[in-house]
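These notes concern the structure reproduced below.
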Amino acid sequence: MNIHTILVAGNYEKEFQEQLPAKTSQSFRFKHMDEITEEDLAWADAYVGFKPCPGFHFAGIKWVHSFKAGVNNYLEIDGWKERDILLTRTVSTFGQKISEYCLSYVLRDLQFHHYFGIRQREKKWAPKTPQMVKDQTIVIFGTGEIGQEIAKVFSSLGATVFGVSHSGKQKEYFQKVTKTSSSSTLTAQADWIISTLPLTNETSKLFDRTFFSKLNGAAFINVGRGHTVDEQALLEALNSGKVRCAVLDVLETEPLPESSQLWERDDIIITPHISAVTELNEAIVCFLETLKRIENNEVLPNRVDFLKGY
Numbered sequence: 071m072n073i074h075t076i077l078v079a080g081n082y083e084k085e086f087q088e089q090l091p092a093k094t095s096q097s098f099r100f101k102h103m104d105e106i107t108e109e110d111l112a113w114a115d116a117y118v119g120f121k122p123c124p125g126f127h128f129a130g131i132k133w134v135h136s137f138k139a140g141v142n143n144y145l146e147i148d149g150w151k152e153r154d155i156l157l158t159r160t161v162s163t164f165g166q167k168i169s170e171y172c173l174s175y176v177l178r179d180l181q182f183h184h185y186f187g188i189r190q191r192e193k194k195w196a197p198k199t200p201q202m203v204k205d206q207t208i209v210i211f212g213t214g215e216i217g218q219e220i221a222k223v224f225s226s227l228g229a230t231v232f233g234v235s236h237s238g239k240q241k242e243y244f245q246k247v248t249k250t251s252s253s254s255t256l257t258a259q260a261d262w263i264i265s266t267l268p269l270t271n272e273t274s275k276l277f278d279r280t281f282f283s284k285l286n287g288a289a290f291i292n293v294g295r296g297h298t299v300d301e302q303a304l305l306e307a308l309n310s311g312k313v314r315c316a317v318l319d320v321l322e323t324e325p326l327p328e329s330s331q332l333w334e335r336d337d338i339i340i341t342p343h344i345s346a347v348t349e350l351n352e353a354i355v356c357f358l359e360t361l362k363r364i365e366n367n368e369v370l371p372n373r374v375d376f377l378k379g380y
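Here the working numbering is used: position 223 in the sequence shown is 293, and no number is missing along the way.
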C-alpha cells in the first residue's frame, strides 16, 4: 500500500514534527476535527485521529489509524470490507496503566483502606488483619495484550489467575484459559472478575443477570467497555450479594448522568474512563511505527480484525 497524503484530525503539527524523521515522503495536513472539509477527505490517503470527524466518509482514504486502543466509533461507519480499507489502532503502555489501576483497587480492598479511613475519623483504634494478593483468585475476561499484562502483574504477586476468551487459547501468565461459553466453572470460584473486553456483538451485555447469578460474592472491575455490562443486573447482583463490590472505569453512558443510581452506591467506585488515558506522544510513535510497517509490507500487529471487532 502506498501512502502519500495523511490527514491528521487535530492541531498536532508541533507534536508530530518532534517525532517525524528528518526525511519523509508523505505530506501531512493538520486540521481541527470540526474544520475538516470534503476537500481534505478527498485529498487524503490516510486519516489519523481519536475519532471520525463530523461527516466522515472514505473518499479516497485507504487507511485509518485510531489514536485510541478502542475502535468502536470507527466501526460504526459502513463500508470497511467492501472498500478493503485498512484500520489500525494504537498499542502502547495501556496494559501497564490498566494493570496498575486494577492493582490499586484490589490493594485498597485487601488492605481495608476504606475501613481504616472511617476508624480514623471516628478516632477508634480497631485492628483488622489485611488480606494478601497471593490468596486471591482472579478471573480476567480478555486475554489480549492488556489482559496478559494484568495477569502478569497479579501472578507475579502469587495470585491464582485464570483467563476467559472467545477462543480459549492458552496464554502466558494464566494458570488456565477457558472459552467464554464455559467460564462459569472459573467465575464461581473467583474473588475478583476483571473485564478488559472490547465491545462486539458477542460481548454486548455479556455480564447480565445470568452471569452475575453464578458468582459467589466476587468483586467486579470493568476496564473494557461499558456496554458489555447490564448495569441494572449489576445493581441487582450487588443487592443480593452475588457481587461484593464493583469498580467501573467505563459505563454505558459517558459522562454518567447525575440521575444514575450508580453514583449513590457505597459498594461502587466510579472513575471517568481514566484507567488508560492515551498519551499523544505514545500514539504518534505507534502511528509512525505502523506507517513504517505499511511501507515495508510487514505484518501489522495492531490491525483491526473486522470479524472480531478489535
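Glycine included, C-beta positions come from ideal geometry on N, C-alpha and C.
All figures in this text were calculated on a predicted structure; none of them were measured in a lab.
Look at the alpha carbon of valine 320 and the alpha carbon of cysteine 356, and state the distance between them as a whole number of angstroms.
Each residue's Cα considered, the two are about 24 Å apart.
Contacting residues, own chain, Cβ-Cβ under 6 Å from tryptophan 113 (five flanking each side not counted):
Thr75
Among all the DSSP beta bridges, which residues are the ones paired with arginine 99?
Leu77
Bridge-paired residues (DSSP) for tryptophan 133:
Ala116 and Leu156
Report the CB separation of phenylalanine 159 from valine 374 in whole angstroms; it is logged as a contact under 8 Å.
According to the sequence displayed, residue 159 carries arginine and not phenylalanine. Confirmed, about 6 Å.
Compute the distance between the beta-carbons of glutamate 324 and histidine 343, then report whether it is under 8 Å.
Remark: C-beta atoms of glutamate 324 and histidine 343 approach each other more closely than 8 Å.
Are the CB atoms of isoleucine 210 and glycine 217 within a distance shorter than 8 Å?
Their beta carbons are under 8 Å apart, which means glycine 217 touches isoleucine 210 by this criterion.
Separation of isoleucine 340 from glutamate 328, as counted between CA atoms
12 Å
Exposure of arginine 295, with buried meaning 16 or more beta-carbon neighbours within 10 Å:
buried
Close-in-space but distant-in-sequence residues of the same chain around serine 166 (CB under 7 Å, 5 per side omitted):
It should be noted that the sequence gives glutamine, not serine, for residue 166. Cβ within range, chain order: Glu219.
Could you give the C-beta distance for isoleucine 147 and phenylalanine 126, rounded to a whole number, given that I count them as a contact under 8 Å?
Beta-carbon to beta-carbon, isoleucine 147 and phenylalanine 126 are separated by about 7 Å, close enough to satisfy the 8 Å threshold.
Considering leucine 377, what are the terminal residues of the beta strand (DSSP E) in which it resides?
That residue, leucine 377, is in no beta strand (DSSP E); it is neither H nor E in DSSP.
Secondary structure at threonine 207, three-state DSSP: helix, strand or coil?
Strand.
How would you label threonine 280, buried or exposed, when you count the other beta carbons within 10 angstroms and need 16 or more for buried?
The residue is exposed, with fewer than 16 neighbouring Cβ atoms inside 10 Å.
Is it buried or exposed for threonine 248, if we count other Cβ within 10 angstroms and need 16 for buried?
buried
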